[in-house]
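Counting from 1, one number per residue, gives the positions in the sequence shown under the UniProt record's numbering. Everything below concerns the one structure shown next.
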Amino acid sequence: GQRFDEFNQDELMDALKDPGRPKAISFKLANNEDAERIRSFVSGEIAAGSSEALAICDGSTSNQTNSTNSAINPTQQQKHRSYKIKAVTISDAGPIGIQFSNSSDGFALIVDRFTKGDNGEVLPAKKNGTINQGDVLISVNGTKVIGENGIGRKHALELFQEFGAVRPLHLGFCENYCKSFVFSMTGDSVADVNGPVKELIFKELRECSNSDNDKDESLSSSADISSSARITTRVILNGFENVAGRLEASKVLIGDRLQTINNSLVDENNLVPILTNADFYPLTMICSRPDYEHQEAISTTASRWASAAATAIMTGGLESELHTTGQKQIAVIVEHPTQVGCAFRREGSNIYVGQFRAVKGPFQKLLNATGNGTDQWVGSTIEAIDGQIVPSYANCTMINNAVKRSWTENSKVSILLSDHRKKSWLCRLTDNDIQLS
1 GQRFDEFNQD ELMDALKDPG RPKAISFKLA NNEDAERIRS FVSGEIAAGS
51 SEALAICDGS TSNQTNSTNS AINPTQQQKH RSYKIKAVTI SDAGPIGIQF
101 SNSSDGFALI VDRFTKGDNG EVLPAKKNGT INQGDVLISV NGTKVIGENG
151 IGRKHALELF QEFGAVRPLH LGFCENYCKS FVFSMTGDSV ADVNGPVKEL
201 IFKELRECSN SDNDKDESLS SSADISSSAR ITTRVILNGF ENVAGRLEAS
251 KVLIGDRLQT INNSLVDENN LVPILTNADF YPLTMICSRP DYEHQEAIST
301 TASRWASAAA TAIMTGGLES ELHTTGQKQI AVIVEHPTQV GCAFRREGSN
351 IYVGQFRAVK GPFQKLLNAT GNGTDQWVGS TIEAIDGQIV PSYANCTMIN
401 NAVKRSWTEN SKVSILLSDH RKKSWLCRLT DNDIQLS
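See the structure below:
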């Protein structure tokens with residue numbers, strides 16, 4: 001029952017994005033031409049798979065319009081991973097060439113950096129080629145040197161003092177189970193306003209560690225808890241929420257006409273090659289819609305608005321709204337094909353925005369560019385935020401508030417993720433397992 005007009009468009013967009021259902025929407029159409037076009041979209045006369053559907057540009061070829069990534073079952077996701085021990089033998093006398101540091105949770109020693117000899121020569125650890133910066137030291141001469149509360153780290157130092165100069169020296173390493181991700185404001189107005197809270201999906205996970213088999217099992221109800229079980233609660237990264245593409249976020253609407261790309265007219269023959277080729281980016285896309293109520297007033301100042309539009313585009317603004325005679329135009333700068341997030345449709349000689357699709361946000365892309373992609377970290381525990389260890393009683397609301405507060409106050413936030421199952425695997429390792437690797 002709430003009405004919107006040209007003066008409260010922001011509230012209109014928020015109401016449309018509200019997931020509450022059912023939702024009744026009424027439209028006021030300006031003329032018969034607009035009415036016919038809307039009927040065409042709704043009735044599906046131009047199907048997504050027909051020649052009239054020119055392109056969906058969101059980094060994929062799917063025509064789905066889902067706006068959310070399905071949250072991945074973290075237990076299933078990490079359950080079948082195989083973890084490997086990297087066995088390294090140092091035979092050369094002298095320094096091994098590694099500077100270690102403590103892990104953030106005090107569980108182990110981490111390869112902080114490689115050092116060089118007195119004359120700048122490469123030392124055995126770096127020369128070996130197997131060890132990477134950030135790897136976890138898990139054994140010295142076949143003896144496990146990892147453990148909670150600094151026990152493993154202390155044991156490692158004792159073994160290095162006793163056997164560090166003895167050759168051969170046998171060391172065991174594995175890839176780190178923890179990684180810190182720093183999310184920073186980039187100048188992308190859409191991402192900067194929303195921040196990582198809008199993309200990262202957190203979940204509280206209760207787990208039970210049975211004393212008889214020391215295996216972690218997710219709990220579905222209190223009936224699953226045995227008398228010998230130890231219950232722990234942790235907050236995990238459970239998935240990602242996709243975000244609006246650049247055009248949708250810039251308040252372009254379905255049915256708006258695509259006028260130009262980089263100040264050049266486009267047609268059905270060159271639209272798809274331009275949108276799908278990353279070499280053409282960044283693109284400045286001008287979309288327009290009729291502005292009937294302001295035609296007369298705007299027609300007298302068209303040259304001034306056109307000049308302002310050119311200035312806005314030249315100065316590199318992400319998006320700007322401008323007017324020409326009888327038209328309201330929106331200029332949108334798109335940096336990459338995966339940011340567009342919409343399909344275009346041809347009607348006669350004109351090209352219109354046909355449908356929107358949510359795209360991967362910048363923070364999901366950051367995780368995806370690290371290691372083995374986002375799947376590596378889905379299901380991981382939130383260990384720390386901005387260096388502050390997450391307390392055992394923390395819940396999703398507390399995590400979201402901490403991330404939001406840091407983003408607002410510091411324009412960035414650091415989140416430490418821990419692969420819980422990999423750490424559990426390390427805890428269960430025995431000296432015999434290490435010696436057989």
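For glycine and all other residues, C-beta sits at the position ideal for the given N, C-alpha and C.
CA nearest to the CA of residue i, picked from the options
i, options, result
"F240", "E199, V266, R206 and D267", "E199"
"L265", "A278, T284 and T276", "T284"
"K365", "R153, A15, F183 and L159", "F183"
"G326", "R289, R357 and G348", "R289"
"L271", "I254, C342, I231 and N242", "C342"
"V122", "R357, D92, E148 and L137", "D92"
"G348", "E335, F27 and D267", "D267"
"T260", "K179, I25, H336 and N350", "N350"
"R357", "N410, V243 and Q388", "V243"
"F344", "E409, N269 and T408", "N269"
"R153", "N102, G164, E248 and I399", "N102"
"R206", "T233, V197 and I254", "T233"
"K422", "I25, K179 and K23", "K179"
"C208", "I231, E148 and S26", "I231"
Own chain residues within Cβ distance below 8 Å of residue i, not counting five before or after
i, result
"Q339", "G245, R246 and V359"
"C396", "F202, K203, E204 and V235"
"A431", "With the sequence shown as reference, residue 431 is identified as Asp, and Ala is not the correct amino acid for it. Correct list, in chain order: S139, G142, T143 and K144."
"Q133", "V111, D112, R113 and F114"
"R167", "I90, S91, D92 and A93"
"F4", "E11, L12 and A15"
Beta-carbon proximity list for residue i, same chain, < 7 Å, skipping 5 on both sides
i, result
"V252", "C287, I330, V332 and V353"
"Q282", "Here residue 282 is Pro; the residue named in the question, Gln, does not match the sequence. Around P282: I333, V334 and E335."
"F100", "L109, I110, V111, D112 and L137"
"K84", "C174"
"residue 445", "This structure cannot speak to residue 445, because the chain is shown only from 1 to 437."
"A394", "V235"
"E248", "G341, C342 and F356"
"G150", "G106"
"E148", "F107"
"K23", "none"
Cβ shell of residue i (< 6 Å), same chain only, five flanking positions each side left out
i, result
"Q435", "G142"
"L169", "I90"
"S406", "D386 and V413"
"K126", "G97 and F114"
"Q9", "none"
"R257", "S288, N350 and Y352"
"H420", "T381"
"G316", "Residue placement at G316 is poorly supported in this model, since its pLDDT is 40, which falls under 50; the coordinates still yield a value, given next. No residues qualify anywhere along the chain."
"I254", "V353"
"D433", "none"
"S411", "M185"
For residue j and residue i, believed in contact at Cβ under 8 Å, the rounded distance
i, j, result
"S424", "T381", "Not confirmed; about 11 Å, so no contact."
"G97", "F114", "6 Å"
"F181", "I415", "5 Å"
"residue 438", "K86", "No answer is possible for residue 438: it lies beyond the span of the chain, which begins at 1 and ends at 437."
"E175", "D135", "6 Å"
"I146", "L426", "6 Å"
Exposure of residue i, with buried meaning 16 or more beta-carbon neighbours within 10 Å
i, result
"N238", "buried"
"V403", "buried"
"K328", "buried"
"Y177", "buried"
"L16", "exposed"
"P273", "exposed"
"D279", "exposed"
"D18", "exposed"
"N376", "Checking the displayed sequence, the identity of residue 376 turns out to be Gln instead of Asn. The residue in question, Q376, is buried, as its Cβ has 16 or more Cβ neighbours within 10 Å."
"G379", "buried"
"F107", "buried"
"A156", "buried"
"residue 442", "Since the first residue shown for the chain is 1 and the last is 437, residue 442 is missing from the structure and cannot be characterised."
"R428", "exposed"
"I399", "buried"
"S392", "exposed"
"S250", "buried"
Segments of 4+ residues assigned as alpha helix (DSSP H) that fall wholly inside the region 100-165: Segments of the alpha helix (DSSP H) lying fully in the region 100-165: 124-128 and 151-163.
Length at least 4, wholly inside the region 320-384: the alpha helix (DSSP H) runs in chain order: 362-368
Continuous alpha helix (DSSP H) assignments of at least 4 residues falling wholly in the region 238-266: 246-249
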